[in-house]
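Per our numbering, residue 6 is the first one in the sequence shown, and the count goes up by one each step. For reference, the structure is listed below as structure tokens.
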Amino acid sequence: MIKLKNASLWLYRWVMRHKVLSLVLVVAGMLSITPIVIITRTWFIVHTDRRPTDRAGAYTLEKQTEGFTCGVHALSTVYHAYGLSPEAELIRWRLGVDTKAVFYLSDSTGALHPDLWMVLAQDFFEVDALDLNAASAWADLHAHLATGHPAILLIKRRENGNLHWVVATRSLGNEIEIYDSLFADPYTESPEFLTDHIISAVMVRPAADGKQAMSSIDAHLAGMSELDQARKRISALESLDKE
Numbered sequence: 006m007i008k009l010k011n012a013s014l015w016l017y018r019w020v021m022r023h024k025v026l027s028l029v030l031v032v033a034g035m036l037s038i039t040p041i042v043i044i045t046r047t048w049f050i051v052h053t054d055r056r057p058t059d060r061a062g063a064y065t066l067e068k069q070t071e072g073f074t075c076g077v078h079a080l081s082t083v084y085h086a087y088g089l090s091p092e093a094e095l096i097r098w099r100l101g102v103d104t105k106a107v108f109y110l111s112d113s114t115g116a117l118h119p120d121l122w123m124v125l126a127q128d129f130f131e132v133d134a135l136d137l138n139a140a141s142a143w144a145d146l147h148a149h150l151a152t153g154h155p156a157i158l159l160i161k162r163r164e165n166g167n168l169h170w171v172v173a174t175r176s177l178g179n180e181i182e183i184y185d186s187l188f189a190d191p192y193t194e195s196p197e198f199l200t201d202h203i204i205s206a207v208m209v210r211p212a213a214d215g216k217q218a219m220s221s222i223d224a225h226l227a228g229m230s231e232l233d234q235a236r237k238r239i240s241a242l243e244s245l246d247k248e
């Protein structure tokens, strides 16, 4: 007890003598929390090494009960369709939806593009971002869905403008079918959904030959690039709303 008291006294005196350095060390420590958690959950969490089936089976619509888990439910819907267990793959933990992207912002939880890209790549999926600015974007999305594979969409909800992950499962004429964890049944959307509400379209398919399509680092960087595009898309849609 005496040694602990002496150590505490020494630490207090050291902090008082080096106030600026102490503040820098505290801030640096706080800033390092999130990166350490991300690295731990990404590279050191043991999950299965199962491969997805070649084609998607039936989709299961999951019900969302927490405000920041839409990404988990969207990915779970895809995983179930490809014969994978979201629980066995530790999807929620690896996506990091419970970890604040910015440690001091309580609303910075939820799934972000880099994590989504990385988890999908690690679990033997190919991931490509649809160019939403291309004139052929709607047709390209339909073409992908027509191959029997889904797209995970980040949308701006028409109900309240909140960002939300959903799954586009198939092409129906000029519409697409949506599995949304906030609705009890699938629904369809028409072309204006792309121009007015889609922020990102992540086209997913099993990787060729059952091999990882890209490394975790490359996948993370690709996701960061798409996150930047998503920010620009959000700004563009917000500008249109003000006009």
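We put the CB at the ideal spot given by N, CA and C, even for glycine.
- Message: Do Asn179 and His147 have their beta-carbon atoms positioned less than 9 Å apart in this structure?
- Response: Working through the sequence shown from its first residue, we reach residue 147 at position 142. Working through the sequence shown from its first residue, we reach residue 179 at position 174. Yes, they are a contact pair.
- Message: Spatial neighbours of His202 within its chain, please: C-beta separation below 7 Å, excluding the five flanking residues on both sides.
- Response: Translated into positions along the sequence shown, residue 202 becomes position 197. Leaving aside the five residues that flank His202 on each side, the residues in its chain whose CB is nearer than 7 Å to its CB run, in chain order, Ile160, Lys161, Arg163.
- Item | Beta bridge counterpart(s) of His169 as assigned by DSSP | Your numbering for residue 169 matches position 164 in the sequence shown. Looking at the DSSP assignment, His169 forms a beta bridge with Ile160.
- Message: Contact defined as beta carbons within less than 8 Å: I believe His154 pairs with Val209. What is the distance between those atoms, to the nearest angstrom?
- Response: As a first step, residue 154 is located in the sequence shown; it is residue number 149 there, counting from the start. As a first step, residue 209 is located in the sequence shown; it is residue number 204 there, counting from the start. His154 to Val209, Cβ: 6 Å. Contact.
- Message: Rounding to the nearest angstrom, what Cα-Cα distance links Glu94 and Thr152 in this structure?
- Response: As a first step, residue 94 must be located in the sequence shown, where it is residue number 89. As a first step, residue 152 must be located in the sequence shown, where it is residue number 147. Taking the CA atoms as reference points, Glu94 sits about 25 Å from Thr152.
- Message: So, for Glu131: in the same chain, excluding its five sequence neighbours on each side, which residues have a beta-carbon less than 6 Å away from its beta-carbon?
- Response: Within the sequence shown, residue 131 is the residue found at index 126, counting from 1. Correct list, in chain order: Arg210, Ala212, Ala218.
- 6 Å Cβ shell around Leu158 - same chain, five flanking residues per side excluded: Within the sequence shown, the letter at position 153 stands for residue 158. These residues qualify, in order along the chain: Val171, Ala173, Ile203, Ala206.
- Item | Other residues of its chain near Leu125: CB distance less than 7 Å, five sequence neighbours each side excluded | To locate residue 125, count along the sequence shown from 1; it is residue 120. If you ignore the 5 residues before and after Leu125, its C-beta comes within less than 7 Å of the C-beta of Val132, Val209, all in its own chain and listed in chain order.
- Query: Can you give the Cα-Cα distance for Arg97 and His225, rounded to whole angstroms?
  - Reply: For this step, residue 97 is matched to residue 92 along the sequence shown. For this step, residue 225 is matched to residue 220 along the sequence shown. The alpha-carbon atoms of Arg97 and His225 are separated by roughly 17 Å.
- Message: Taking DSSP's pairing of strands, which residues face Val132 in a bridge?
- Response: Here residue 132 corresponds to residue number 127 of the sequence shown, with the count starting at 1. According to DSSP, which records beta bridges pairwise, Val132 is partnered with Val209.
- Query: Taking the Cβ atom as the reference point for each residue, do Ala116 and Ala86 lie within a distance shorter than 9 Å?
  - Reply: What you label residue 116 is simply residue 111 of the sequence shown in a count that begins at 1. What you label residue 86 is simply residue 81 of the sequence shown in a count that begins at 1. With respect to Ala86, Ala116 sits apart: the two C-beta atoms are not nearer than 9 Å.
- DSSP three-state assignment for Leu117, whether helix, strand or coil: Numbered from 1 along the sequence shown, position 112 holds the residue referred to as residue 117. Leu117 carries a coil assignment under DSSP once its states are collapsed to helix, strand and coil.
- Query: Which of the three DSSP states, helix, strand or coil, is assigned to Arg22?
  - Reply: Counted from its first residue, the sequence shown places residue 22 at position 17. Of the three classes helix, strand and coil, the one that applies to Arg22 here is helix, per DSSP.
- Report the rounded CA-to-CA distance for Arg56 versus Ser230, giving the unit in angstroms. Sequence index remark: in the sequence shown, residue 56 carries index 51 (1-based). Sequence index remark: in the sequence shown, residue 230 carries index 225 (1-based). Take the alpha-carbon of Arg56 and the one of Ser230: they are about 26 Å apart.
- Query: Secondary structure at Glu92, three-state DSSP: helix, strand or coil?
  - Reply: Here residue 92 refers to the residue found at position 87 of the sequence shown. In this structure, Glu92 counts as coil in the three-state DSSP scheme.
- Query: If we ignore side chains and look at the alpha-carbon of each, how far apart do Phe198 and Gln234 end up?
  - Reply: Against the sequence shown, residue 198 aligns to sequence position 193. Against the sequence shown, residue 234 aligns to sequence position 229. CA-CA distance, Phe198 to Gln234, rounds to 18 Å.
- Query: Measuring CA to CA, which of Ala227, Thr200, Lys216 is closest to Ala241?
  - Reply: Counted from its first residue, the sequence shown places residue 241 at position 236. When only C-alpha atoms are compared, the closest one is Thr200.
- For Tyr184, the first and last residue of its enclosing beta strand (DSSP E): Counted from its first residue, the sequence shown places residue 184 at position 179. Its beta strand (DSSP E) spans residues 180-184.
- Best match in Phe188, Asp223, Lys216 for proximity to Ala79 [C-alpha to C-alpha]: As a first step, residue 79 is located in the sequence shown; it is residue number 74 there, counting from the start. It is Phe188 whose Cα lies nearest to the Cα of Ala79.
- Thr152 in three-state terms, based on DSSP: Indexing the sequence shown from 1 puts residue 152 at position 147. Note: Thr152 maps to coil in three-state DSSP.
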